[in-house]
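**Student:**
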Amino acid sequence: MTIQLADFPEVTKGPGKPETYKGVQILRHDPCGAEILNVDLAQPTADGTFQAVMDIWHESLVICFRNQDITAEDQLRFGRRVGDLSVIHTPEFKGEDPAIMYISNVKENGEYVHALPVGEMMFHIDQCYQQRPAKATILYSIKIPKAGGNTLFCDLQRAYDTLDEKTKEFIAGLKVLHVYDYDAGATHTAATVADDAPRYVHPLVRTHPVTGRKSLYVNRLMSREIVGMDRAESDRLLGRLFDHIENPDFVYEHHWKLGDLLMWDNRCTAHARRDFDPTEDRLMRRLTVLGEQPV
Ligand code: OGA
Ligand code: MN
Numbered sequence: 069m070t071i072q073l074a075d076f077p078e079v080t081k082g083p084g085k086p087e088t089y090k091g092v093q094i095l096r097h098d099p100c101g102a103e104i105l106n107v108d109l110a111q112p113t114a115d116g117t118f119q120a121v122m123d124i125w126h127e128s129l130v131i132c133f134r135n136q137d138i139t140a141e142d143q144l145r146f147g148r149r150v151g152d153l154s155v156i157h158t159p160e161f162k163g164e165d166p167a168i169m170y171i172s173n174v175k176e177n178g179e180y181v182h183a184l185p186v187g188e189m190m191f192h193i194d195q196c197y198q199q200r201p202a203k204a205t206i207l208y209s210i211k212i213p214k215a216g217g218n219t220l221f222c223d224l225q226r227a228y229d230t231l232d233e234k235t236k237e238f239i240a241g242l243k244v245l246h247v248y249d250y251d252a253g254a255t256h257t258a259a260t261v262a263d264d265a266p267r268y269v270h271p272l273v274r275t276h277p278v279t280g281r282k283s284l285y286v287n288r289l290m291s292r293e294i295v296g297m298d299r300a301e302s303d304r305l306l307g308r309l310f311d312h313i314e315n316p317d318f319v320y321e322h323h324w325k326l327g328d329l330l331m332w333d334n335r336c337t338a339h340a341r342r343d344f345d346p347t348e349d350r351l352m353r354r355l356t357v358l359g360e361q362p363v
């Protein structure tokens with residue numbers, strides 16, 4: 069269960085042809101991901117444009133606004149429109165607003181001062197170890213390394229849809245315990261987790277509250293066991309499902325540019341991060357929007 073991301077092939081499928089949807093210019097990627105080319109988040113977004121953006125998000129699961137020059141306030145204004153913000157549970161990492169956190173390897177007095185400073189991170193779903201995990205994570209790039217640090221997204225709806233019928237039947241109704249031990253296993257699964265590490269049980273298959281589509285709601289970093297199943301059998305099934313969702317056919321790989329603002333849907337995607345040179349600065353401003361309890 070410790071596949072290293074370094075072995076994961078680079079996914080370069082490229083965007084499709086430019087299209088326009090209700091005045092919004094987009095470049096769609098496969099199997100998920102869409103770049104939005106003509107929306108400036110430094111300005112309040114008109115209602116019609118915002119609705120179009122939400123439609124594109126629900127269809128493409130991950131959206132990227134290119135070339136943004138925005139303040140924390142601009143990012144908060146956009147985030148609040150998507151929904152109630154979720155407050156960061158690690159007080160040492162709170163930014164200028166309780167919902168803002170910086171993901172960065174930038175140091176002060178020789179010490180890291182922000183969350184998730186270095187290196188590769190296994191596939192995971194933000195806050196799936198909470199009763200109401202984030203629906204959206206909104207990440208804005210302020211400093212990026214010359215190479216590496218790509219964020220990979222896997223489409224958990226595609227992953228569910230492509231399971232064979234027997235497996236779909238077998239897993240219907242199963243529940244999974246998700247645990248996150250930030251101290252022992254922030255980026256790779258911890259062999260053992262602290263008794264007080266945050267945890268929550270959610271359905272293995274969840275239904276998207278807006279689109280009604282089903283997702284295979286598991287991830288290698290945080291999903292630890294299937295409730296009520298013999299441990300060895302649970303490990304086998306989870307291992308198989310992790311391998312399945314991490315099929316490169318289901319993955320969009322985001323190559324960051326400065327000024328990208330990415331918003332992903334944690335209800336139907338899992339994400340991972342590639343390694344990067346720790347001597348180069350990477351600084352991202354992050355906001356999460358509270359989601360529903362998965363059903
Ligand atoms: C996150 C996260 C990935 C990245 O902010 O939740 O996983 O590329 N970030 O920094
Ligand atoms: Mn994350």
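Numbering-wise, my numbering puts 267 at position 199 of the sequence shown, and it's gapless, one number per residue.
Cβ atoms here follow ideal geometry from the backbone N, Cα and C, with glycine treated the same way.
(1) Can you tell me whether D263 is buried or exposed? The criterion is at least 16 other CB atoms within 10 Å of its CB, across all chains shown.
(2) Compute the Euclidean distance between the alpha carbons of I294 and I206, then round it to the nearest angstrom.
(3) From which residue to which residue does the beta strand (DSSP E) around H246 run?
(4) For A167, which residues from the same chain have a beta carbon less than 8 Å from its beta carbon, with the 5 sequence-adjacent residues on both sides left out?
(5) For S128, name the three-state secondary structure that DSSP assigns.
(6) Rounded to whole angstroms, what's the CA-CA distance from D349 to G163? Just pull it up for me.
(7) Taking C-alpha atoms, which residue in G241, T347, T279 lies nearest to V269?
(8) Could you check which residue in E188, D137, D123 has the C-alpha nearest to that of D328?
(9) My guess is that A340 and M190 are in contact by the Cβ rule of under 8 Å, so how many angstroms apart are they, rounded?
(10) Assuming V100 contacts D223 (C-beta within less than 8 Å), just tell me the rounded distance between them.
(11) I need the DSSP call for Y268, collapsed to helix, strand or coil.
(12) Tell me where the beta strand (DSSP E) around T205 begins and ends.
(13) Unbroken beta strand (DSSP E) runs of length 3 or more, entirely within the segment 266-325: which are they?
(14) Ligand 1 and L326: does the residue's C-beta get closer than 7 Å to at least one heavy atom of that ligand?
(15) Quick one: any contact between the segment 183-200 and the segment 227-242, if contact means 3 or more CB pairs under 8 Å?
(16) Using only the heavy atoms of ligand 2, determine whether one of them is closer than 7 Å to the beta carbon of D194.
(17) Among the candidates L289, V107, L95, whose CA atom is the shortest distance from the CA of K85?
(18) Rank L306, S302, F344 by C-alpha distance to the C-alpha of R288 and give the top, closest one.
(19) Quick one: what does DSSP say Q143 is sitting in, helix, strand or coil?
(20) Can the beta-carbon of L309 be found closer than 8 Å to that of V286?
(21) Note down the Cα distance separating D229 from V130, rounded to an integer number of angstroms.
**Tutor:** On the basis of the data shown:
(1) Within the sequence shown, the letter at position 195 stands for residue 263. Exposed, by the Cβ-count rule.
(2) Within the sequence shown, the letter at position 226 stands for residue 294. Within the sequence shown, the letter at position 138 stands for residue 206. Rounded to the nearest angstrom, the two C-alpha atoms are 30 Å apart.
(3) Against the sequence shown, residue 246 aligns to sequence position 178. That run of the beta strand (DSSP E) goes 243-247.
(4) If you number the sequence shown from 1, residue 167 lands on position 99. Residues L144, G147, L153, S154, V155, I156, L355, T356 of the same chain have their beta carbon placed closer than 8 Å to that of A167, with the five preceding and five following residues left out of the count.
(5) By one-based count along the sequence shown, residue 128 stands at place 60. Three-state result, S128: helix.
(6) The residue you call residue 349 lines up with position 281 of the sequence shown. The residue you call residue 163 lines up with position 95 of the sequence shown. If you take the alpha carbons of D349 and G163, they lie about 18 Å apart.
(7) To locate residue 269, count along the sequence shown from 1; it is residue 201. Nearest of G241, T347, T279 to V269, Cα basis: G241.
(8) Reading the sequence shown from its first residue, position 260 is the one you call residue 328. Answer by Cα proximity: D137.
(9) For the purposes of this step, residue 340 is taken as residue 272 along the sequence shown, with counting starting at 1. For the purposes of this step, residue 190 is taken as residue 122 along the sequence shown, with counting starting at 1. The beta carbons of A340 and M190 sit about 6 Å from each other, so the pair counts as a contact at 8 Å.
(10) Numbered from 1 along the sequence shown, position 32 holds the residue referred to as residue 100. Numbered from 1 along the sequence shown, position 155 holds the residue referred to as residue 223. The identity of residue 100 in the sequence shown is Cys, whereas the question assumes Val. Distance from C100 to D223 at the Cβ level is roughly 4 Å; contact confirmed, criterion being Cβ atoms closer than 8 Å.
(11) Looking up residue 268 in the sequence shown gives position 200. Three-state DSSP puts Y268 in a strand.
(12) Taking the first residue of the sequence shown as position 1, residue 205 is located at position 137. Counting along the chain, the beta strand (DSSP E) containing T205 begins and ends at 202-211.
(13) 267-271, 273-275, 282-284, 291-294, 319-322, all fully within the segment 266-325.
(14) As a first step, residue 326 must be located in the sequence shown, where it is residue number 258. The answer is no for L326.
(15) No, because fewer than three Cβ pairs between the segment 183-200 and the segment 227-242 fall closer than 8 Å, the two stretches do not touch.
(16) Looking up residue 194 in the sequence shown gives position 126. With a cutoff of 7 Å, D194 counts as near ligand 2, since its C-beta is closer than that to a heavy atom of the ligand.
(17) As a working note, residue 85 is residue 17 in the sequence shown. K85 has its Cα closest to that of L95, out of L289, V107, L95.
(18) Your numbering for residue 288 matches position 220 in the sequence shown. For the residues L306, S302, F344, the minimum Cα distance to R288 belongs to L306.
(19) In the sequence shown, the residue the question calls residue 143 occupies position 75. Of the three classes helix, strand and coil, the one that applies to Q143 here is helix, per DSSP.
(20) Your numbering for residue 309 matches position 241 in the sequence shown. Your numbering for residue 286 matches position 218 in the sequence shown. Their beta carbons are under 8 Å apart, which means L309 touches V286 by this criterion.
(21) Taking the first residue of the sequence shown as position 1, residue 229 is located at position 161. Taking the first residue of the sequence shown as position 1, residue 130 is located at position 62. Approximately 18 Å, taken between the alpha carbons.
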